[in-house]
Amino acid sequence: MVDLIGESSHNQIGNVSAEIHFFSWIVPTFKMLRFIIYRKYRQVNFVGLSVNTAKKYVFSDLDVAYIFYNAFGRDNGFSIRKFKVGRSEIDKSILWQTFVCSRQGYRIFRGVNETNRKRTLKPETRCGCVAQMRVHIDVGRDWWYITLFQNEHNHELIPPTLSWMLKSERRITDEEIRRMNDMRDAGISTTQIYMHFAD
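The number in the numbering used here is simply the position in the sequence shown, starting from 1, with 2 added.
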């Protein structure tokens, strides 16, 4: 399990004085099960997280912000992906990043219609969903804070029992890749390797 230290304090963000929860990354892995607030020793309840509550969280880096929104998406039944990014004109460092629902936008028309297709068209997954979270860096404090948080979906969300099937949840670690390669080098079949990881 990955523990994220959360420190609760009152700080000035822009013109708003608000209680914030600071998350820093201790163990760098995407196979994180839950966030833990260090001072309060309780889990973050992502189900029904309001905009005002979400804006109280700040993050030590961009990866932690991604993990936070991915956990929010998992608990609420949608997959996420990285979207637009804003960079500094001076050193090209990232100043802000937007994470969106994976069903945001629409499929790009590439000039191929049904009459001249060689393969069948994949099902449409994009439906113009507007759910998103944008984080900006506070250079003075060296943390990332939420500036935009929208949680309105125009599609059906999946139940929690199926959240492991979401695209943003289907990740394998470097350690698992190494183990699979070792098993293949040892002559173990792909089916047996799959069964080993399915258990």
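C-beta: ideal position from N, C-alpha, C; glycine also.
DSSP, read as helix, strand or coil, puts Tyr108 in coil. Within the DSSP secondary-structure output, Gln99 pairs in a beta bridge with Val87, Val137. Under the DSSP assignment, Ile148 falls outside any alpha helix (DSSP H), being part of the beta strand (DSSP E) whose first and last residues are 145-152. Residues of the same chain with a CB within less than 6 Å of the CB of Phe85, apart from the 5 flanking positions on each side, are Thr100, Val102 in chain order. With contact defined as three or more Cβ pairs closer than 8 Å, the region 154-163 and the region 67-87 are in contact.
Here Val137 is buried. Its C-beta has 16 or more other C-beta atoms within 10 Å. For Ile82, the beta-bridge partners assigned by DSSP are Cys103. Separation of the CB atoms of Arg186 and Ile195 is rounded to 7 Å, and the pair is thereby assigned contact status at 8 Å. Considering only Arg109, Leu97, Phe199, Trp145, the residue with the shortest C-alpha distance to Ile179 is Phe199. Taking a contact as a CB-CB distance under 8 Å, the pair Trp145 and Phe70 does not count as one, their CB atoms being some 13 Å apart. Cβ neighbours of Pro161 within its own chain (closer than 8 Å, five residues either side excluded): Gly79. Lys120 sits in coil when the DSSP states are folded into three classes, being neither helix nor strand.
Secondary structure note for His155: it is in no alpha helix (DSSP H), with a DSSP letter that is neither H nor E.
In the three-state reduction of the DSSP assignment, Gly189 falls in the coil class. Shown here for Gly88: same chain residues with a beta carbon closer than 6 Å to its own, the five before and five after excluded, namely Leu97, Trp98 in chain order.
Arg109 places its beta carbon less than 8 Å from that of Arg128. If the five residues before and after Leu51 are omitted, its C-beta is found closer than 7 Å to the C-beta atoms of Phe74, all from its own chain and listed in chain order. For Ile92, the secondary structure class from DSSP, reduced to helix, strand or coil, is coil.
Ser52 sits in coil when the DSSP states are folded into three classes, being neither helix nor strand.
Within the same chain, Cβ atoms closer than 8 Å to the Cβ of Met167 are found at Ile160, the five residues on either side in sequence being excluded.
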